[in-house]
Each structure stands twice: as C-alpha cells, then as structure tokens.
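Asks: As you go down the protein sequences, you meet chains A and B in turn. The opening position of the first sequence corresponds to residue 1 in the working numbering, with each subsequent residue numbered one higher. The opening position of the second sequence corresponds to residue 932 in the working numbering, with each subsequent residue numbered one higher. Every residue, glycine too, gets a C-beta built ideally from N, C-alpha and C. It should be emphasised that the depicted structure is a prediction, and the values quoted were computed from it without experimental measurement. The structure's right below; bear with me while I get my questions together.
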Amino acid sequence: MADAVKFTIDGQEIEAQPGQTVIQAAMDSGLYIPYLCYMPKMDPYGACRMCVVETESNGRTMTQASCTTPVAQDMIVRTKTDDIQELRRGIIELLMTEHPHGCLTCHRIELCGPQDICLRHVRVTDRCTICPKNERCELKDTVRSMELDLTNPMEYHFRDLPRHVDDPFYDRDYNLCIVCVRCVRVCEEVRFDTALTLTSRSGTALVGTSHGTSLLESGCEFCGACVDVCPTGALVEREYKWDKAEKTVTSICSNCPVGCQVITEVNKRNKVIRFRGDLAGEANNGQLCFKGKFASDYPNKKGRFRYPLIKIEDEMQRTTWELALESAAANLKKFNPDQVAVIASPRGTNEDNYVAGKLARVALGTNNVDSALNLNPEVTESLLASIGYAAATNPIWDLENSKCVMIIGGNPTEEQNVLAVPVKKAARAGADIVVIDPRETELTRYCRDGLWLRSKPGTEVTLVGGILRAVMDEALEDKKFVNERADGLQEIKQELWNFDLVRVSQITGISEEQIRLAARAYGSAESAAILYGADTVPAEEKGDLALAAANLALVTGNIGRSGGGVFPLFGGANTQGSNDVGANPRFLPGYAAVTDASARDRFSREWGVQISATAGLSIREIIDAMADGKIKAVVFMADGISPEQPGLEGLLEGLANLDYLVVSEDFPGEVSHFADVILPAATFTEVDGTYTNLERRVQRVRQSMTLNYEERPGWSALARLGSALGASGFEYDSAADIFAEIASVVPSYAGISYERLEKGGIQWPCVDPEAPGTAILHGVEDENFRPKLTPMSIREILNVHDAEYPLTLAHGRVLHEPDHPVDVENRNGMNYITRDNYVQIHPDDASDASIIDGDMVELRARADRGGNAVTFIGYAKLNSPHAGLVSITTLFGEIAIAMQDSDDPDPAPRVRGLPLMAVTLSKVNVPAGVA
Amino acid sequence: MANEASKAADDVRTQIQTVLNGQNQPTVTVLSSLLEIQDVLHYLPNEAIEETAAFSKTTINEVWSVASFYTNFRFTPPGDHTYEICWGPSCHVMGAQQILKRVQDELGIDREGETEDGKVTLKYGTCLGACAQAPVIAIDHHHKGKITTEFAAKMARELMA
Chain A
1 MADAVKFTID GQEIEAQPGQ TVIQAAMDSG LYIPYLCYMP KMDPYGACRM CVVETESNGR
61 TMTQASCTTP VAQDMIVRTK TDDIQELRRG IIELLMTEHP HGCLTCHRIE LCGPQDICLR
121 HVRVTDRCTI CPKNERCELK DTVRSMELDL TNPMEYHFRD LPRHVDDPFY DRDYNLCIVC
181 VRCVRVCEEV RFDTALTLTS RSGTALVGTS HGTSLLESGC EFCGACVDVC PTGALVEREY
241 KWDKAEKTVT SICSNCPVGC QVITEVNKRN KVIRFRGDLA GEANNGQLCF KGKFASDYPN
301 KKGRFRYPLI KIEDEMQRTT WELALESAAA NLKKFNPDQV AVIASPRGTN EDNYVAGKLA
361 RVALGTNNVD SALNLNPEVT ESLLASIGYA AATNPIWDLE NSKCVMIIGG NPTEEQNVLA
421 VPVKKAARAG ADIVVIDPRE TELTRYCRDG LWLRSKPGTE VTLVGGILRA VMDEALEDKK
481 FVNERADGLQ EIKQELWNFD LVRVSQITGI SEEQIRLAAR AYGSAESAAI LYGADTVPAE
541 EKGDLALAAA NLALVTGNIG RSGGGVFPLF GGANTQGSND VGANPRFLPG YAAVTDASAR
601 DRFSREWGVQ ISATAGLSIR EIIDAMADGK IKAVVFMADG ISPEQPGLEG LLEGLANLDY
661 LVVSEDFPGE VSHFADVILP AATFTEVDGT YTNLERRVQR VRQSMTLNYE ERPGWSALAR
721 LGSALGASGF EYDSAADIFA EIASVVPSYA GISYERLEKG GIQWPCVDPE APGTAILHGV
781 EDENFRPKLT PMSIREILNV HDAEYPLTLA HGRVLHEPDH PVDVENRNGM NYITRDNYVQ
841 IHPDDASDAS IIDGDMVELR ARADRGGNAV TFIGYAKLNS PHAGLVSITT LFGEIAIAMQ
901 DSDDPDPAPR VRGLPLMAVT LSKVNVPAGV A
Chain B
932 MANEASKAAD DVRTQIQTVL NGQNQPTVTV LSSLLEIQDV LHYLPNEAIE ETAAFSKTTI
992 NEVWSVASFY TNFRFTPPGD HTYEICWGPS CHVMGAQQIL KRVQDELGID REGETEDGKV
1052 TLKYGTCLGA CAQAPVIAID HHHKGKITTE FAAKMARELM A
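What follows is the structure in structure tokens.
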C-alpha cells in the first residue's frame, strides 16, 4: 500500500490514502463536511457545491469542492471560514427557493405533527411535517448542520410538477427534488439500468424518464437503490410511506442466497416498515433488489399463525405448545424411522437447520432431512469431488475484477439479484460476458456479438466440453497451474478427443466459430468466472455441469485467483447454510458423509446416539416417497415455500397422502392446509441467528420485532419437539448456544462466534478464532485437498420429447426492449403493461403448423392440478435458432406488477422463475373484422 | 383501426431504421442519429427515441436525456406550414404586436405552436434580419416585408383554408 498522505482539516491532522478525495478522508476521520450530491461508494459528481472548502497547497489558496479534490501532502483544508459559510448559505438559499422549507426556520419543528394547525400560516405545500421523509430528511439535516440563519429566506416557488404514484412500489414527487442526481447516478453507475435520467437542461433540468413514461417500460428493475440514496422526499417507498422508525436494526434479507445486509426500520407499533441496503454490507455493498426492498414486510401482514393449533375431529383448534408437542411426539413415534422425514425451511437460520438435522438423526433416527429449496444439490455437492468444497470459490464482489464472466443456465437478475450487479460492473469495465442459455435474460444484452450461445436446451454440458476442447486446441490453458496444482489433466485430455467441434456443433446447434469465440473470450481473459445455474439443464445433467464448469476453471487456472472462480446458483436464503450444518440427507454437519463410518462415529459420540448408515432421501425423493406412501409422517418448516416453485411439483399431492404432518409456518397456506399440528413460526425479523450466503459468508440475522404472541423461532420449536420425543441434547437457551455447538462440530465454522460476527460476516473455512476467514478458496495451496479434473463424456441431445407437448418454450425476461413497442395502460390508478408478444418459431415448426410470419399463434403448456394451463398468445416471427425451440421475451415490470397485485401476504417466494416448458403451438384464427 | 395505427407505426419504424443505418459519417452518435431523423421526419416521434436506443445499444432514457437537452429537437409533428412573426425592436415599433394578435385570432391559438388541425406552426422571431422592411413575417421561410395587419391575417386565412 502506498504511503499515507498527511494533511490537516481545520487544524486536525488527518491521514488518508493517495487518490482519496478530501471529503472521503474527512468522513473516514469522523469529520463532517456538509454535502448533498456526494454519496459514499459512488463516483464524485461535484454538482451541488455544498461541500466547498478552502484549500491551501503549495502556497496557493483556493476554494474547491471537497468531493472532487484529491488529498495532497501537507494540504491545509479549512471548512468553516466566514467566506465558505457565506458561499454555502448562498447555495442553500437558492436550493430552498424550489424546495418546501417552511418548517425549517421554525423552532416548533420537533413538536409539530402533520395535522397541527400552523400558527405561522406556512402553506401546506411548504411544510416539512407533511413530507413523507420528515424526520429522516438528509437535506434538512444538512441545512441544520450549517446552523444557517434562515429567518428571512427567499420565497418558496411551488413548481406544481406532476406526481408519479402509479408505478409499482415507490412514488416520485419531483416538487421535492433538488436535482442532486444521486438517483440517476446510482441507476446508471451502480445498477447499469438508466431507468431514470436527467431531462432537459439548466433551470428546467429534472429527473425523469423518456417522454415521462412509466417505469414499467423504462427499464426499471425496482431495486429501490434510487429511493435509498434520495436525500429528500422526492423518491419514497409507498408502503408505510409516512411511518417513522422507532428503531433500526442491521440484519440479513431472507429472500435469496446473496445475503444482503439490510437496515430494518421498525415503528412504534412493532411493524417493520422499511428496508434499506446497508453500505457496510460486504455481500451487497448497499444494494438490494425488488424482493428485499419491497417484499420483505410480510411479518406485518394479517392472518399469521399466532398460537399452536391441533386437529381435533377435522378442525384446527387452538392449544398450548406443551399439548401440541406432546401430541406431535406421540404420533411421530408410531412410525418407523424410514417412514419419517424432516423438511427444513429455506429461510431457516443455521441454528434452525442444525437442530432440524439433529432432530431427524437423534430423535427420529433417520437421515431423511433436507431443505425445501435444496432442489439442485448437485450444483454445489458435485464440487466436493473436484474443488473439495461444496460452495462458490470466490466472493460476490470479486466478480467486478473479472475480465470475463460466463453465465450458464442461470438468471441472477431475478433469482440472485445483487449478484448480477458486480457482473454488470465488470461488463462495463470491458469484461466479456458469455451467456449459455436458450432464454433471453437481462445479462444477454451485455454479450458482445456472438457470445450469447443459444444452444439447444439440454446440451449445455456438451457445449462446455466443446469450449474446453477449443481452449486446449488453441493452447489457452494455464499449464503451470493445471500441472502443479491439479490432478487429472492427462485423463481428461483423452476424453476431450471425443469432443470434436464439428460434432459438438451438430449436437448443440452452436457454430464451431462461436464455440471458439467463447473459448477465446474465456480462455484468454486474465481472470474469468463462471456462474452456473440449473434452470434450463435436465436434472441428470446438473452435477455434470458443475464438474464441467470446474474443469474449465481449473484448466485455465481460474481457481484460487481473484476475478476467477465458479459460482453455483441456487435458491433459498440459507440453502448454503442448511447444507453446511447438516440439514442434508447425505451429509452430517460439515459435509461429513453419512456413508463414512468414522464420521458417523464422531457424531454418535457427539450426540450420544447411533447414526443411521443409510443416506436419507433428498427433498425430491421425499416428495415422491410421500406420494408412494413410503414416507408417512413429516415435520415441515414451511416458511416461505411456494408449491408452485419449479421442482416442487407433486408436493401437495404428497402431503395429502401423509398420515401425519407437523407444520411450522407463519401464514396459512397450501402446506399448512394438510397439517395435523401447526406450530406458529417467527419470521426472520423476529429471530436471532445466522445465515450463510452463497459466497460462504456467515452473517448475523438480528431480531428487530418483538414476539407478542406464541410464535417461536424454528430452532426452539424443533428442539422442544426433540425433547418431547424423549431425546437428549436439545436443551438450548438461545441461538448463540446452538451456534457454539455448530462451531464445535463443523471444522470450517470453528473460528466463528457471535461475538466475531458483530463486526461483520466471516467467510468459511475459518478454522480458528484468530483466522480472518477465507475469501478465495485455493488462493494458497490447500494442504487438505488437491483439485481434480473430472472426466466428462460427450452425449447426444437428451430427448425430453413429449408427444403431446412437442415444443420447448424458452421464456425470457428483460428489463428493457426499445425495439418492441410497449403500451402502458392505467387502471384504477396503477400502470399495467399491455403489449403484443412476439413468438420466435423455427421455420420448420412453423411450416408443420401452417404458420407464416406475423400470424397470431398460441402456446399452451400442460394444465396443472386446478386445470389452469400457462398460455401465451403473440405474433409469430420465424427466427428461432433451433427446430423444436420456441421463445418469447417479456418485461421485468410484469414481476413488479404481479408482486404488487398479489393477495399473498408473502409474494416474493411466489415470483415464478423461468423454467423451460413443454408446449403446443397452434395458430389462432382471428375472426374477420377484429384486429 | 388498431391495425392501421400499428401499421403506420411500423412504417415510421422502418423509415427511422433506414435513416439510422444509412449514416455514413465516420462518427455515428446518439446525437447524429437524432439529427438525421429530425431532418427526415421534421420531429422526433417516440419511435425515434426507441429505435435510436436499440441502434446505439443503450436505453430510451439515455437517448431522451440527450434529446431533451437540446431545444432544437421537437417531439410533436410540426404544422404543414410555418408562420413566423418578427417581434424584434424595429418590427415591434412598426406594430408587430397588433399583427401577432390578429394572426393568432385567425389561427385560433394564443401562443406559439401548432394550430388544432396541425396545418400551421406559429413561431415568434426575435429578428429575421430585415429591419428596413419592418414589420416582417416569414411564411415557410419566405420573407414578406412592410406588411399590413390585414395582409398578415389574409395570409393566415389562406394557410388555414
């Protein structure tokens, strides 16, 4: 690190890093310089001039904006001279002429409420007390910090600009806007969406959208970053708009495995009213997404389970915890261990999941325990064989250092939103983005020509093999790394001979040239990362895809390198953690295989019972076994489970077939409908615990709302059930107790404690209390595990042919499609997207169905249980790349609308992903005279 | 009906795409694209913003931010004819105010801009550079000097007919 620069601010000696600006250095030292347009973690903009300071350097005295002035050795900075104060006063007074400020000059401001009669005759449009951001207004704080005497300010000029209150989730009132441009900059610089822009110029410059259009067509991803940075009431969340926070608590979001650190605001009525991205959050750097920002207030919703319920004569009746658990224990004891299963919640903390695994093994004697959204365990577990760890190798924000990012069958913008932010940042910095996916997703627009490999569905593994072959052909491998640090190069070289590019090209439908292009982009990049999901990959290929990705990364030396790595994509806030701590049918805590006798012995000693040697059933197998009647009783932590989730097909039929079901849930839903005993669950805002995110970071979930009824955290319910079943070792007083036990049995968690987590998350493996955690796996040679390349075989396309539904629909979703017209219709004061779909069809399929370009066609998928079939109608375009593949692309705004209009108290888990669907294609005959 | 409207929109799109792809200057930018489109269509319809965004691989908002910055771009179709009235000092002294009032009455508007039927665009000119001929008007950029209020009204009536 370069030498620190020493200088003084108002006489105080400051040390700063070279390249820092004066305001950053001041902030780091706890000194305050008033500012408005500056925002930490964003580029300096220098527009508002509030942060002017007097600098004296090399004998020259100047007045400069401290947000754009770099620090210099021996510089003298004065922030409070009369001249400077005078300048700032002038700026603020000009700003105030266009921002309501009547209350700012009043001594009663702290006492006045919105409904009070004003004795000073301040007009309603000029009052601070009616502003939704009153009491949390950054502008007000800035004005007051300068102790300006605004007794005789300039007249307020009300601009009477239109308010935009018809888009999802947040309101825009530009009458309150001071044009600091933070929202436009965060949207452009950090999120790369440009859903908001600066319109017009000089005196009429304002924030807005093209032609003042709705956010639904302007490319907004509804992440709320603009709302979080707005220093005034111009951008405000609509829900709980005027509510004031009584306390704020830092916690972790419960919607996806990114593990964003959020600042939770709770009001005096014990409602959680707002979520703000925490700038200190290591996994999210202050960012959130549409789910985390706008759909995390479900703990407040009406209709929650407040008391334990028990089924008596087909009616659920209120009971006590003791009776509910007694009855549950008595009933569960009637079944053999292999007839019982425990399903853990994707929102469960590590503590909940650990107790769930222990309950299954110790109290119920079975290994049938899995997390409900652990639907593609192969994507992580397969890595154990090649990398040695069942997790992503690199940190999320390390992706911004990548020179190439390959995304295979995943849609992070929707499923792991904030993970896409550093990927886009890398793209903006010039990294190549390679997308292997038949669907058009948000990230495909970052692909250079030819780098969106739209292969035939189901051929991803062969394609990755082809890319690997091309890498070897062109000698792009990292010979030193792969020879010195990994095993198995010779073996896979043999296999790769089969990956003849002509053949790969025939199988995948991707030209040789494109395969080579992708191989060069990935192989020749200084550092390249792979994100792979399993959305579009057939079930039996998922593990192989993980291994193929790992092979590619190892051969090119992208393991253990900053900007490189492999990132498995999966769902569920704590799926990583649940696998780590053993809520997994194949592994005891710490990935100790159930089939390994020494591991079983260790846990037998630890827990005082014999551990069953047969691997348990995975969540998919449990669902099938329920339908077959092999599993008869289930303990189900159903918080945040949508049975419509792709992969959970058959869940409800299975539950209906059970003899006995214990459910711990927050809201009545499809799962609790079948329950014999319902235990009221506390939500993530009501519990203490830890989540482990997809980059292996263990982070603290903190309780912000008090529990006023009889809901209990998952671990407590499960532990008491364990005791009721007569098992010992379930006497826990707090989540911290359980975490201490986890740390004692999971080696990679050994150095982590609640005390250490107070200072921020820690990435496992962290083996002792002094170790800082491990950001990049295999960053240094790992004495415990030597990476291995795994042989892979070429395979012909897996024919998932369905005689009745012969075509595969790849439904894509993007933020913004300027060349595909959108109509926005306003109904009941809210905006809705109406537009015609374009259905991409291959000419062969079209001619089979006598369809010509421009015909109106219908796609219909198989009907679900309720007889509802997903259908799409649109105009045919005969430009699908492969016969058998049809595709449509819709807009992201549709998710926002669906969530906003949802009657479900907890809509985020119900956002439908984009699985491939088998469909039929038919022509719609438009009656004459109707357009 | 809807079909006709969407067909018309499609035609505009095709026209815009031709303009965008026909640019052969060394540096093609958002600004150059917008200028070319306005040269052909005389204004920037919504489709111009969208197509320029697609063409430049950017968003409609980025394009809008450029387009709305310059007052020379217009976003509604101009009238079939332009009617400029000079209200520079010389013309003002020679009675431009009364001419303006009469012409506006004839056109049925009380400001600059298009008449309701879209036939005429009225513009105020700060100085048309022919002070010796004051008062001056310009119809479709053809100057007419030393005019009377009656003559100005008659010209307006003829354009509106």
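Where are the beta strand (DSSP E) runs, 3 residues long or more, that stay fully inside the region 840-917 of chain A, in chain order?
Replies: The region 840-917 of chain A contains these whole beta strand (DSSP E) runs: 856-861, 871-877, 885-891.
Asks: Going by C-alpha to C-alpha distance, which of B:His-1072, B:Pro-1066, B:His-1073 sits closest to Glu-1081 of chain B?
Replies: Nearest C-alpha to Glu-1081 of chain B: B:Pro-1066.
Asks: Establish whether the CB of Glu-981 of chain B and some CB of chain A are separated by less than 8 Å.
Replies: With 8 Å as the cut-off, Glu-981 of chain B counts as an interface residue toward chain A.
Asks: Pull the bridge partners of Gly-208 of chain A from the DSSP assignment, please.
Replies: Its beta-bridge partners are A:Thr-197.
Asks: Once DSSP output is grouped into helix, strand and coil, what is the label at Gly-577 of chain A?
Replies: It is helical.
Asks: If you draw a straight line from the C-alpha of Arg-88 of chain A to the C-alpha of Val-22 of chain A, how long is it?
Replies: Taking the straight line joining both Cα atoms gives about 17 Å.
Asks: Whose C-beta lies closer than 7 Å to the C-beta of Thr-462 of chain A among residues of the same chain, with five residues either side of it excluded?
Replies: Taken in chain order, the residues that qualify are Val-504, Ile-507, Thr-508, Ile-794, Arg-795.
Asks: Can you tell me whether Asp-297 of chain A is helix, strand or coil according to DSSP?
Replies: Here Asp-297 of chain A sits in coil by DSSP.
Asks: Kindly indicate if chain B contains any beta-carbon less than 8 Å away from that of Leu-878 of chain A.
Replies: No, no contact with chain B.
Asks: Does the structure place the region 903-921 of chain A close enough to the region 288-307 of chain A that three or more beta carbon pairs sit under 8 Å?
Replies: As far as the Cβ criterion goes, the region 288-307 of chain A touches the region 903-921 of chain A, which means the pair count is three or higher.
Asks: Going by alpha carbons, who is nearest to Ala-1087 of chain B out of B:Ser-996, B:Tyr-1014, B:Ile-980?
Replies: Comparing Cα positions, the closest option is B:Tyr-1014.
Asks: Given this structure, state the Cα-to-Cα distance separating Ala-869 of chain A from Ala-426 of chain A, to the nearest angstrom.
Replies: Roughly 40 Å separates the two Cα atoms.
Asks: Over the uninterrupted alpha helix (DSSP H) stretch that includes Gly-714 of chain A, give me the two end residues.
Replies: Here the alpha helix (DSSP H) through Gly-714 of chain A covers 714-724.
Asks: For Lys-140 of chain A, count neighbouring Cβ atoms within 10 angstroms of its own Cβ and tell me buried if that reaches 16, exposed if not.
Replies: Its Cβ being crowded by 16 or more others within 10 Å, Lys-140 of chain A is buried.
Asks: Is Ser-847 of chain A a contact residue of the ligand GDP, with contact defined as CB to any heavy atom under 7 Å?
Replies: With respect to the ligand GDP, the structure offers nothing, as it holds no ligand at all.
Asks: Only counting the same chain, and skipping five residues up and downstream in sequence, which positions put a Cβ closer than 7 Å to that of Gly-1039 of chain B?
Replies: So the list reads Thr-1046, Glu-1047, once near-sequence residues are dropped.
Asks: Mind checking the region 208-231 of chain A against chain B and listing, in chain order, the residues whose C-beta falls within less than 7 Å of any C-beta there?
Replies: For the region 208-231 of chain A, which is checked against every Cβ of chain B, the residues closer than 7 Å are Thr-209, Ser-210, His-211, Ser-218, Gly-219.
Asks: Should Asn-925 of chain A be flagged as near chain B, meaning a C-beta pair shorter than 8 Å?
Replies: Judged by the 8 Å Cβ criterion, Asn-925 of chain A is not in contact with chain B.
Asks: Report the residue from A:Lys-456, A:Ala-548, A:Ser-527 whose alpha carbon sits nearest the alpha carbon of Gly-563 of chain A.
Replies: Closest option to Gly-563 of chain A, Cα to Cα, is A:Ser-527.
Asks: Tell me whether Gln-610 of chain A is buried or exposed, calling it buried when 16 or more other Cβ atoms sit within 10 Å of its Cβ.
Replies: Exposed, since its Cβ has fewer than 16 Cβ neighbours within 10 Å.
Asks: Grab the span of the alpha helix (DSSP H) containing Arg-503 of chain A for me, first residue to last.
Replies: Its alpha helix (DSSP H) spans residues 501-508.
Asks: Which value, in whole angstroms, describes the spacing of the CA atoms of Gly-533 of chain A and Cys-48 of chain A?
Replies: Straight-line Cα distance between these residues: approximately 44 Å.
Asks: Out of curiosity, what's the CA-to-CA distance linking Gly-640 of chain A and Val-701 of chain A?
Replies: Between Gly-640 of chain A and Val-701 of chain A, the C-alpha separation is close to 16 Å.
Asks: Report the three-state DSSP secondary structure of Thr-1007 of chain B (helix, strand or coil).
Replies: In the structure shown, Thr-1007 of chain B sits in coil (DSSP, three-state: anything other than H, G, I, E or B).
Asks: Identify the residues that DSSP records as bridge partners of Glu-56 of chain A: which are they?
Replies: Answer is A:Thr-61, A:Ile-76.
Asks: Based on Cα-Cα distance, which residue from A:Leu-885, A:Phe-667, A:Thr-614, A:Leu-279 lies nearest to Met-637 of chain A?
Replies: When each option's Cα is compared against that of Met-637 of chain A, the closest is A:Phe-667.
Asks: Any beta carbon from chain A within less than 8 Å of Asn-1003 of chain B's own beta carbon?
Replies: False, the Cβ-Cβ gap to chain A never drops below 8 Å.
Asks: Applying the criterion that 16 or more other CB atoms from any shown protein chain within 10 Å of the CB defines a buried residue, is Val-930 of chain A buried or exposed?
Replies: Because the pLDDT of Val-930 of chain A is 49, which lies under 50, any placement of that residue in the model is unreliable, and the number read from its coordinates should be weighed accordingly. With fewer than 16 Cβ atoms within 10 Å of its Cβ, Val-930 of chain A is classed as exposed.
Asks: Taking only runs that begin and end inside the region 136-187 of chain A, name each unbroken beta strand (DSSP E) of 3 or more residues, in chain order.
Replies: For the region 136-187 of chain A, whole beta strand (DSSP E) runs of length 3 or above, ordered along the chain, are 170-173.
Asks: Leaving out five residues on either side along the sequence, give the residues of the same chain with a beta carbon under 8 Å from the beta carbon of Glu-474 of chain A.
Replies: Cβ neighbours of Glu-474 of chain A beyond the five flanking positions: Arg-516, Ala-519, Arg-520, Gly-523.
Asks: Would you mind sorting Ser-29 of chain A into buried or exposed? The rule is 16 or more other CB atoms within 10 Å of its CB.
Replies: Under this definition Ser-29 of chain A is an exposed residue.
Asks: When DSSP labels each residue in this structure, what does Ala-525 of chain A get in the three-state scheme?
Replies: DSSP places Ala-525 of chain A in coil when its eight states are reduced to three.
Asks: Can you find a C-beta in chain B that's less than 8 Å from the C-beta of Pro-818 of chain A?
Replies: Output row for Pro-818 of chain A: interface = yes.
Asks: Applying a beta-carbon distance threshold of less than 7 Å, which residues of chain A neighbour Ile-991 of chain B?
Replies: Residues of chain A passing the Cβ test: Ser-210, Ser-218, Pro-818.
Asks: What residue from A:Asp-82, A:Asn-58, A:Cys-37 has the CA that sits closest to Ala-65 of chain A's CA?
Replies: It is A:Cys-37.
Asks: Taking Cβ to Cβ, would you say Asp-819 of chain A is nearer than 8 Å to Glu-982 of chain B?
Replies: The answer is yes: Cβ separation under 8 Å.
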